[in-house]
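Chains as they are written, first to last, in the numbering used here: chain A, 732 to 1053; chain B, 5 to 515.
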């Protein structure tokens, strides 16, 4: 297992390198001059030129890219923000806890809602519960999250006055944003749980379990759900990754100081170092979540665990033969 | 066994959830929740880049900075220049200003303000690309602190609007000692003489300021001033309705009707110094043709655009400067729509069979709505318009390089016609403000003369002449002068806002 994790960690290196090169290239060739944006439309060409010189923006593409990668690999230095002059890593770490918290709470909401609705609609197929859940899923998927967010604040903050509309200064502030985001992604978890569970329920071993006289609850929760969970875990992992990078709109609507807002602001200002650093950081988090999901597979399904083990053994044998 | 693993899994999950919720509690800074009525909370549109006044001209930064730092002179509510850190000043000749510095003014670190700090602050502008309009004019080597409370400002050449420029945050007076000792971190730890002291800044979230009890002027009525960064206009408005913030700046015109029905909030509409326009890039041969530009000007229905795209909030424009501006020429009527005239001019211009032009905007929804209306209106006059939307940064780049044909943009001024008329100043083509690349030696001469004059009446005449010429030659189609929409809590007293969008928060309080 450890070997498997180690290998997966090594495989992240080319992925991250690819991300660096891709994002760097896109930002490098995007029209819009960071020095000009920093000094404003009214500044003279000489002043802009001087700033370009100062920040090393005049150097050729390969020199800048090489320098960027070298600084990351050798010194762990992600550069400085053009706008604020602060180290990019500080800027990112300042915002990441908010984003992580929002994503985690949203996943929690979507897990609770999605799993329970999925189970209910699978066990009560074609009943009104199922129909309600399917309608809910359709609504959840098709409603844009920023619109849902605005509607929720109008209702709960402006009209009812129960919850604050934006910010993050206590537990009350952490109810609406995760709910809005979570319900949005609960829809796909619900649908996945439903279809996966429906498939499992029809299998022979479930009939056997029922024949043994076990209670329906036990049959579903203990026997069926576990095997139905693999695709669900995949979806949850993906959702978590998406939420880490994709909650930008919700961060804006609820004025949460997260990573998404940092990156969006930096794109607008062509603050390349911040965009590169931010995207790299998100890619890294996404890779870790994926790894975590793969490890979880092994614990949920013993067959996968044994596959991982078999893989190691095979490798050993091959190396012995050589 | 299986059951046990499942339980462990669920337990880990819930533990993680509890941890996450727990570590989030305890909001930083006394943020304005209901009841805390000695705290004034203002919703800002964006995170300031830095609070070092010399390193940015960004508008959220300047809004916050003007409470922490002060300048030699400032604007009063009617946009007249009044004393601030300079008690009085004397213009001994066209290029020499002697400022008497106010005595007994303390910086937030308890150091006393002297002319030396003023001299130091001016020296900081010497190579400052953010303060170019000032740097080009001041003769830094000959500026001096005559004694502790007298500062002599020397100019390279006469500059009529120097005092207006000295109201801007970029010419703030800092404490020499703190600034030199703490240059690296000054932007996140500023020390000024203003009515509020800096306390805490959580980026993209909030900035806390506390009342300066040692302030030399009228002390603020509230104890705390909090700026909360809320990027969404709708959220800012909802926050005022729900009591989360007391003042929300820059609200979208589309929100106004809904908000006016709510008696918990007051909607303030103050005409501002910014103007929206359709620009012609005269680098194109076709657009060099005055008659074509006039034809387009007559074909566009400004009234309709104001009523539909801006929800009737604003004023139809005829010139780059707004009616509240002292340099405004009120004798020039806006071009009203006249399709017949437009078609005739088009024919005279040699485009009898019509022509095709590209109109570019940024992603701003209101500007895109305007563009669609312009497209339809010009279509009626026989001009085919292709629309193009660019991302903001790319758009600005294309505008100042003169790569477009027609474009929609706005221009904000801070009360000096030199800046307001930069749009047509042939000496400032491209980045300097003349985005139409308009050329006219007469206009250039008039503006140079006006800039050098310190006689306001003479300047006014010169500016009027420039406005007349540019009205006739139409390098821009001026659409409307903006109105700043601000929403504030009906419990707030003493609300005020000036045409440049700044407010004096010291006068505001709650009952």
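Where is the CB? At the ideal position from N, CA and C, for every residue including glycine.
Keep in mind that this is a model prediction, so the values were computed, not measured.
CA-CA distance, residue i and residue j?
i: residue 811 (chain A); j: residue 737 (chain A); result: 31 Å
i: residue 249 (chain B); j: residue 303 (chain B); result: 44 Å
i: residue 741 (chain A); j: residue 1002 (chain A); result: 30 Å
i: residue 1058 (chain A); j: residue 838 (chain A); result: Past the boundaries of the shown model lies residue 1058 (chain A); chain A is included only from 732 to 1053, so the question cannot be answered.
i: residue 1037 (chain A); j: residue 735 (chain A); result: 12 Å
i: residue 276 (chain B); j: residue 340 (chain B); result: 22 Å
i: residue 888 (chain A); j: residue 461 (chain B); result: 54 Å
i: residue 252 (chain B); j: residue 934 (chain A); result: 60 Å
i: residue 115 (chain B); j: residue 443 (chain B); result: 51 Å
i: residue 739 (chain A); j: residue 960 (chain A); result: 22 Å
i: residue 857 (chain A); j: residue 836 (chain A); result: 31 Å
With 16 as the cutoff for other CB atoms within 10 Å, does residue i come out buried or exposed?
i: residue 184 (chain B); result: exposed
i: residue 823 (chain A); result: buried
i: residue 992 (chain A); result: buried
i: residue 231 (chain B); result: buried
i: residue 7 (chain B); result: Any reading at residue 7 (chain B) needs caution, since the residue's pLDDT is 49, under 50, leaving its predicted position unreliable; the model's value is listed next. Burial call: exposed.
i: residue 463 (chain B); result: buried
i: residue 457 (chain B); result: buried
i: residue 756 (chain A); result: exposed
i: residue 106 (chain B); result: buried
i: residue 970 (chain A); result: buried
i: residue 882 (chain A); result: exposed
i: residue 245 (chain B); result: buried
i: residue 205 (chain B); result: buried
i: residue 759 (chain A); result: exposed
i: residue 131 (chain B); result: exposed
i: residue 733 (chain A); result: exposed
i: residue 493 (chain B); result: buried
i: residue 61 (chain B); result: buried
Check the Cβ of residue i against every Cβ in chain B and list those closer than 7 Å, keeping chain order.
i: residue 825 (chain A); result: 207
i: residue 814 (chain A); result: 53
i: residue 896 (chain A); result: 239, 242, 243, 246, 248
i: residue 721 (chain A); result: The first residue shown for chain A is 732 and the last is 1053, placing residue 721 (chain A) beyond what the model contains.
i: residue 725 (chain A); result: Outside the modelled stretch of chain A, which goes from 732 to 1053, sits residue 725 (chain A), for which no answer is possible.
i: residue 881 (chain A); result: 238
i: residue 889 (chain A); result: 242, 245, 246
Which chain A residues sit within Cβ distance under 8 Å of residue i?
i: residue 401 (chain B); result: 762, 763, 764, 767
i: residue 136 (chain B); result: 773, 774, 775, 778
Just tell me which of the options has its CA closest to the CA of residue i.
i: residue 376 (chain B); options: B:312, B:230, B:167; result: B:312
i: residue 122 (chain B); options: B:229, B:387, B:48, B:197; result: B:197
i: residue 88 (chain B); options: B:54, B:166, B:177; result: B:177
i: residue 318 (chain B); options: B:258, B:331, B:333, B:341; result: B:258
i: residue 140 (chain B); options: B:113, B:169, B:148, B:350; result: B:169
i: residue 426 (chain B); options: B:200, B:186, B:323, B:271; result: B:323
i: residue 385 (chain B); options: B:314, B:345, B:448, B:126; result: B:345
i: residue 995 (chain A); options: B:306, B:143, B:395; result: B:395
i: residue 273 (chain B); options: B:288, B:501, B:218, B:514; result: B:501
i: residue 954 (chain A); options: A:964, A:920, A:938; result: A:938
i: residue 1008 (chain A); options: A:883, A:848, A:750; result: A:750
i: residue 366 (chain B); options: B:75, B:380, B:391, B:350; result: B:391
i: residue 83 (chain B); options: B:118, B:172, B:65, B:336; result: B:172
i: residue 986 (chain A); options: A:1011, A:775, A:792, A:898; result: A:898
i: residue 997 (chain A); options: A:746, A:748, A:817; result: A:817
List the residues of chain B that residue i touches, going by C-beta distances under 9 Å, in chain order.
i: residue 884 (chain A); result: 238, 239, 242, 243, 246
i: residue 988 (chain A); result: 51, 206, 207, 208, 209, 210, 233
i: residue 946 (chain A); result: Those within 9 Å of residue 946 (chain A) in chain B number zero; the least Cβ separation is about 14 Å.
At a CB-CB cut-off below 7 Å, which residues of chain A make contact with residue i?
i: residue 396 (chain B); result: 999
Against residue i, what residues of chain A qualify as contacts under a CB-to-CB distance less than 9 Å, listed in chain order?
i: residue 61 (chain B); result: 770, 771, 773, 774
i: residue 430 (chain B); result: Those do not exist, as residue 430 (chain B) stays about 15 Å from chain A at its closest Cβ, beyond 9 Å.
Anything in chain B within Cβ reach of residue i, meaning under 8 Å, just list it in chain order.
i: residue 992 (chain A); result: 208, 235
i: residue 781 (chain A); result: 133
Are the segment 347-362 of chain B and the segment 409-429 of chain B touching by the rule of at least three beta carbon pairs closer than 8 Å? yes
Is it true that the segment 410-426 of chain B meets the segment 161-172 of chain B, where meeting means three or more beta-carbon pairs spaced less than 8 Å apart? yes
Does the segment 909-926 of chain A come close enough to the segment 260-268 of chain B to have 3 or more Cβ pairs within less than 8 Å? no
Whether or not the segment 482-493 of chain B and the segment 279-288 of chain B are in contact is what I'm after, with contact meaning three or more pairs of Cβ atoms, one per stretch, closer than 8 Å; do they touch? yes
Sufficient close CB pairs (3 or more, under 8 Å) joining the segment 79-93 of chain B to the segment 52-59 of chain B: no
Are three or more beta carbon pairs between the segment 496-511 of chain B and the segment 214-232 of chain B nearer than 8 Å? yes
Taking three-plus beta-carbon pairs below 8 Å as touching, is the segment 489-506 of chain B in contact with the segment 465-476 of chain B? no
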